[in-house]
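Top to bottom, those sequences are chains A and B.
Heads up: the first sequence is residues 256 to 545, going by my numbering.
Heads up: the second sequence is residues 17 to 348, going by my numbering.
Note sheet for the following structure.
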Amino acid sequence: MATEHSRTAARLMVSPAVILLFLWMIVPLGMTIYFSFLRYNLLNPGMETFAGFDNYYYFLTNAAFWDALINTVTLVVGVLVITVFGGIALALLLDQPFWGQGIVRVLVIAPFFVMPTVSALVWKNMFMNPVNGVFAHIAKSLGLQPFDFLSQAPLASIILIVAWSWLPFATLILLTALQSLDREQQEAAEMDGASVLARFWYLTVPHLTRSITVVVLIQTIFLLSVFAEILVTTNGGPGTASTNIPYLVYAQSLLNFDVGGGSAGGIVAVILANIVAFFLMRMIGKNLDA
Amino acid sequence: MGKITLSNVRKSFGEVDVIPSLDLSIENGEFVVFVGPSGCGKSTLLRLIAGLEDTTSGAIEIDGKDATTLPPAKRGLAMVFQSYALYPHMSVKKNILFPLKMAGMDPAEAEKRVANAAKVLNLTNYLDRRPGQLSGGQRQRVAIGRAIVREPAAFLFDEPLSNLDAALRVNMRQEISELHQTLKTTMIYVTHDQVEAMTMADKIVVLNAGRIEQVGSPLELYRAPANTFVAGFIGSPKMNLLGGAAAEQVGATTLGIRPEHIDIVEDGPWRGVVGLSEHLGSDTFLKVNVEGIGTLTVRGSGEIPQRHGDSIALRPQADKLHRFGPDGKALK
């Protein structure tokens, strides 16, 4: 790609893909922005009128919005904490030599391949159900009252379900990082008199920071838009106890038939996601180029 | 401080005996080099002494105390690794400070030792850099710095120069020798390079397949190799080892003669054709195909004119012949 000529040719040849991707992004975005300024109710189609910033005003002043915002943050942070710490612990365990290592590694990775609706339904009906669930059976066999997870602690339950499906991802990334840790460095530290804990703190943790950064970045992107798990378990309830922003947008546009309000919510979500991304990149992005 | 004794030390990995039982004594302040071809067990032996591997049987004594089951940190030894094994996320200073911090040393005293080590190793200007920003030779010096601050009973070097380029290797070789002169601490050095062994060692231990072939000063090994393995391993270019009629004439199974002990003469007992001549300027190495004997390596002065295809006569220096018996051992 050295000459002016080859650069021009390269640009020309990339352009169809770039243009297609750009349209793919800009058309939905443009239409969402357009709808967000309309009074657009699905019960009265064809009666759209210009609404100005009303949709934004009602969306942002809705009490449910603040609940949803707090729930979203709680969900993301909760899952991140569980998957990062759990992932480090599991990766350390899986890094030890033991019999049946291959099978165990495949089993550990399996939850990641279960689609969100399915895993949420399995958790809801087979584990957390207060009558038939495994947890209820365990509680009863111990003589305790079964705990109704999804109505007593809906958000915590969803955090548990989502963390279960993301834990393998974190484990896998951290495990590969652990395996690339230099053996001679470990031995040098051993000669230098570092205990197992000191070696973990001074060698393993710094070595893992880059992978932890990757895990946090990628998971944050996906966790901001958790939806299926909420839809099939709690429907955002009771009340708004487990409603996050994506679910609120869905409820606004498809349960209340208010496409205008939903679009406004979508744009708010885009802006919030960008703010999060900006701070996230500033905070931990510098770990990536070191 | 720094006397290490190995008695009946044996190491096997599963079924494989890497070191079949070995005795060795290293005196205080000695510079001992373990040398041998790759896979001869020299690194394993060093790791046994360091405590990074457990002995299968036998005992290791350091300064008269049994250290066979002591963990590495308690043996009072410091090791420099082939890959340097620096901690990449710590500055040079923190790298050197690390063993002192782990030992819980008073920070002021630790700082002083680091500053001293940095001065000895010319690292003072690099203390705030990360290992990734240093050249190979500088990294090597940081690794040595990390070893010397602990003031260990002995230093262990595991092929420390093999990742450096040729010129730097010669430099570092001299620096390590000088360091030994200054510190007067026992040093054990593992290498596969017989030149490093010859130039640095007080005592060379030649290893082959886990067994000690010979122990001695560089010149003892050069003058009187105990067997054909040592004869072929020590010295560069390699000693010519001849069988057949030439050996029988002197009553041996194998006759050894070093390339530098064969003279090129007008008329001699061996006549041959030059197959290859390497003119290095200071020396010339000739590969000569001698009838009835085989290919001989001959070392001549830098200015000799012989080239490929020339026929020449050779005369071995009679007092420099090495005779070996049928078991490969030297005949007295």
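Ideal Cβ positions, reconstructed from N, Cα and C, are used throughout, including at glycine.
All figures in this text were calculated on a predicted structure; none of them were measured in a lab.
Subject >> H338 of chain B (DSSP reduced to helix, strand or coil) >> reply: For this step, residue 338 of chain B is matched to residue 322 along the second sequence. If DSSP states are grouped into helix, strand and coil, H338 of chain B belongs with the strands.
**OP:** List the whole-angstrom C-beta distance separating I413 of chain A from I485 of chain A, where the pair is believed to meet the contact cut-off of C-beta under 8 angstroms.
**Re:** Position 158 of the first sequence, counting from 1, holds the residue named residue 413 of chain A. Position 230 of the first sequence, counting from 1, holds the residue named residue 485 of chain A. Right, the Cβ-Cβ distance comes to about 6 angstroms (below 8 angstroms), so this counts as a contact.
**OP:** Output the distance between the C-alpha atoms of M286 of chain A and V525 of chain A, rounded to the nearest integer angstrom.
**Re:** Position 31 of the first sequence holds residue 286 of chain A. Position 270 of the first sequence holds residue 525 of chain A. Straight across, the Cα-Cα distance linking M286 of chain A with V525 of chain A is about 14 angstroms.
Original post:
Using the beta-carbon count (16 or more within 10 Å), is D447 of chain A buried or exposed?
Top reply: For this step, residue 447 of chain A is matched to residue 192 along the first sequence. Sixteen is the threshold: when 16 or more other Cβ atoms of the shown chains lie within 10 Å of the Cβ of D447 of chain A, as they do, the residue is buried.
Subject >> Partner residues on chain A for L68 of chain B, Cβ-Cβ distance less than 9 angstroms >> reply: If you number the second sequence from 1, residue 68 of chain B lands on position 52. Near L68 of chain B (Cβ distances below 9 angstroms), the residues of chain A are E442, E445, M446.
Original post:
Does the stretch 199-214 of chain B come close enough to the stretch 152-171 of chain B to have 3 or more Cβ pairs within less than 8 angstroms?
Top reply: Cβ pair count under 8 angstroms is three or more, so yes.
Original post:
Exposed or buried, A449 of chain A, counting other C-beta atoms within 10 Å across all chains shown (16 or more means buried)?
Top reply: Reading the first sequence from its first residue, position 194 is the one you call residue 449 of chain A. Counting the other CB atoms within 10 Å of its CB gives A449 of chain A a total of 16 or more, which places it among the buried residues.
**OP:** Could you tell me how far apart the beta carbons of M106 of chain B and A66 of chain B are, in whole angstroms, since I believe they sit closer than 8 angstroms?
**Re:** For the purposes of this step, residue 106 of chain B is identified with residue 90 of the second sequence, where counting begins at 1. For the purposes of this step, residue 66 of chain B is identified with residue 50 of the second sequence, where counting begins at 1. M106 of chain B to A66 of chain B, Cβ: 22 angstroms. No contact.
Original post:
How would you write the range of the alpha helix (DSSP H) that F114 of chain B sits in, first residue to last?
Top reply: Position 98 of the second sequence holds residue 114 of chain B. Here the alpha helix (DSSP H) through F114 of chain B covers 108-118.
**OP:** Return the CA-CA distance between S518 of chain A and M370 of chain A, expressed in angstroms with no decimal places.
**Re:** In the first sequence, counting from the first residue as 1, residue 518 of chain A sits at position 263. In the first sequence, counting from the first residue as 1, residue 370 of chain A sits at position 115. Approximately 27 angstroms between the Cα atoms of the pair.
Subject >> Members of the stretch 447-475 of chain A near chain B, C-beta cut-off 9 angstroms >> reply: Listed by position, the residues of the stretch 447-475 of chain A near chain B (Cβ gap below 9 angstroms) are D447, G448, A449, S450, A453, Y457, L458, P461, H462, T464.
Original post:
So the alpha helix (DSSP H) T215 of chain B belongs to, where does it begin and stop?
Top reply: Here residue 215 of chain B is taken as the residue at index 199 of the second sequence, counted from 1. Its alpha helix (DSSP H) spans residues 210-216.
Original post:
So with Cβ pairs under 8 angstroms, would you call S59 of chain B a contact of chain A?
Top reply: What you label residue 59 of chain B is simply residue 43 of the second sequence in a count that begins at 1. Cβ-Cβ to chain A under 8 angstroms: no for S59 of chain B.
Original post:
Where does E229 of chain B fall in DSSP's three states?
Top reply: Taking the second sequence and counting its residues from 1, the one referred to as residue 229 of chain B is at position 213. Under the three-state reduction of DSSP output, E229 of chain B falls in the strand class.
Subject >> Same chain only: Cβ atoms within 8 angstroms of G153 of chain B, ignoring 5 sequence neighbours per side >> reply: Reading the second sequence from its first residue, position 137 is the one you call residue 153 of chain B. Excluding five sequence positions before and after G153 of chain B, the CB atoms of its chain that fall closer than 8 angstroms to its own CB belong to L180, L184, N187, M188, given in chain order.
Original post:
Is the Cβ of M255 of chain B closer than 8 angstroms to any Cβ of chain C?
Top reply: The chain inventory of the structure shown lacks chain C, comprising the protein chains A and B.
Original post:
Does DSSP put K58 of chain B in a helix, in a strand, or in coil?
Top reply: Mapped onto the second sequence, residue 58 of chain B falls at position 42. In the structure shown, K58 of chain B sits in a helix (DSSP, three-state: H, G or I).
Subject >> Selection of the stretch 181-192 of chain B by Cβ proximity to chain A, strictly under 7 angstroms >> reply: Taking 7 angstroms as the Cβ-Cβ cut-off against chain A, none of the residues of the stretch 181-192 of chain B qualify.
Original post:
How do the stretch 462-471 of chain A and the stretch 491-511 of chain A stand: do at least 3 beta-carbon pairs fall below 8 angstroms, yes or no?
Top reply: The answer is no - the stretch 491-511 of chain A does not touch the stretch 462-471 of chain A, with fewer than three Cβ pairs under 8 angstroms.
Original post:
For T140 of chain B, which residues of its own chain have a beta-carbon under 6 angstroms away from its beta-carbon, when the five flanking residues on both sides are left out?
Top reply: Position 124 of the second sequence, counted from the first residue, corresponds to residue 140 of chain B. Closer than 6 angstroms at Cβ, skipping near neighbours: A134.
**OP:** Using three-state DSSP, classify S518 of chain A as helix, strand or coil.
**Re:** Taking the first residue of the first sequence as 1, we reach residue 518 of chain A at position 263. Under the three-state reduction of DSSP, S518 of chain A is assigned to helix.
Subject >> Partners in chain A for A101 of chain B, counting only beta-carbon separations shorter than 8 angstroms >> reply: Position 85 of the second sequence holds residue 101 of chain B. Under a criterion of Cβ atoms nearer than 8 angstroms, the residues of chain A adjacent to A101 of chain B are, in order, D437, E439, Q440, E442, A443.
Original post:
Looking only at C-alpha atoms, which of B:P253, B:P332, B:A329 sits nearest to L296 of chain B?
Top reply: If you number the second sequence from 1, residue 296 of chain B lands on position 280. Of the candidates B:P253, B:P332, B:A329, B:P253 places its Cα closest to the Cα of L296 of chain B.
Subject >> Cutoff 8 angstroms: H105 of chain B Cβ touching any chain A Cβ >> reply: As a first step, residue 105 of chain B must be located in the second sequence, where it is residue number 89. Yes, H105 of chain B counts as interfacial toward chain A.
**OP:** Hey, could you find the ends of the alpha helix (DSSP H) L410 of chain A is sitting in?
**Re:** Counted from its first residue, the first sequence places residue 410 of chain A at position 155. Start and end: 409-434.
Original post:
Between G267 of chain B and M216 of chain B, what straight-line distance do the alpha-carbon atoms span, to the nearest angstrom?
Top reply: Counting from one through the second sequence, the residue named residue 267 of chain B turns up at place 251. Counting from one through the second sequence, the residue named residue 216 of chain B turns up at place 200. Going from the Cα of G267 of chain B to the Cα of M216 of chain B covers about 36 angstroms.
Subject >> Between the CA atoms of L113 of chain B and E127 of chain B - distance to the nearest angstrom >> reply: Along the second sequence, read from residue 1 onward, the residue named residue 127 of chain B stands at position 111. Along the second sequence, read from residue 1 onward, the residue named residue 113 of chain B stands at position 97. Taking the straight line joining both Cα atoms gives about 8 angstroms.
Subject >> Residue range of the unbroken beta strand (DSSP E) whose run includes H105 of chain B >> reply: As a position in the second sequence, residue 105 of chain B is number 89, starting the count at 1. In this chain, H105 of chain B is not harboured by any beta strand (DSSP E), its DSSP state being neither H nor E.
Subject >> Straight-line gap, K395 of chain A to T329 of chain A (C-alpha atoms, nearest Å) >> reply: Taking the first sequence and counting its residues from 1, one reaches residue 395 of chain A at position 140. Taking the first sequence and counting its residues from 1, one reaches residue 329 of chain A at position 74. The C-alpha of K395 of chain A lies about 31 angstroms from the C-alpha of T329 of chain A.
**OP:** Could you pull the start and end residues of the beta strand (DSSP E) that H295 of chain B belongs to?
**Re:** Position 279 of the second sequence, counted from the start, is the residue given in the question as residue 295 of chain B. Counting along the chain, the beta strand (DSSP E) containing H295 of chain B begins and ends at 286-295.
Original post:
Using a C-beta to C-beta distance shorter than 9 angstroms, which residues of chain A count as neighbours of T119 of chain B?
Top reply: In the second sequence, counting from the first residue as 1, residue 119 of chain B sits at position 103. The question names Thr, yet the displayed sequence has Ala at residue 119 of chain B. Against chain A, a Cβ distance below 9 angstroms from A119 of chain B picks out D447, G448.
**OP:** Compare the C-beta of F114 of chain B against all C-beta atoms of chain A and say whether one is closer than 8 angstroms.
**Re:** The residue labelled residue 114 of chain B in the question sits at position 98 within the second sequence. Closer than 8 angstroms: yes.
Original post:
With a cut-off of 8 angstroms, does the C-beta of F29 of chain B fall near any C-beta of chain A?
Top reply: Your numbering for residue 29 of chain B matches position 13 in the second sequence. So, not an interface residue.
**OP:** Compare the C-alpha of E303 of chain A against each of A:Y313, A:L433, A:F290, A:Y312 and name the closest.
**Re:** Against the first sequence, residue 303 of chain A aligns to sequence position 48. For E303 of chain A, the nearest C-alpha among the options comes from A:F290.
**OP:** Kindly confirm or deny that the stretch 318-326 of chain A and the stretch 17-35 of chain B touch, where touching means at least three C-beta pairs closer than 8 angstroms.
**Re:** Flag = no, the stretch 318-326 of chain A and the stretch 17-35 of chain B do not touch.
Original post:
How many Å lie between N305 of chain B and P234 of chain B at the Cα?
Top reply: Stepping through the second sequence from its first residue, residue 305 of chain B is reached at position 289. Stepping through the second sequence from its first residue, residue 234 of chain B is reached at position 218. The alpha-carbon separation between N305 of chain B and P234 of chain B amounts to approximately 30 angstroms.
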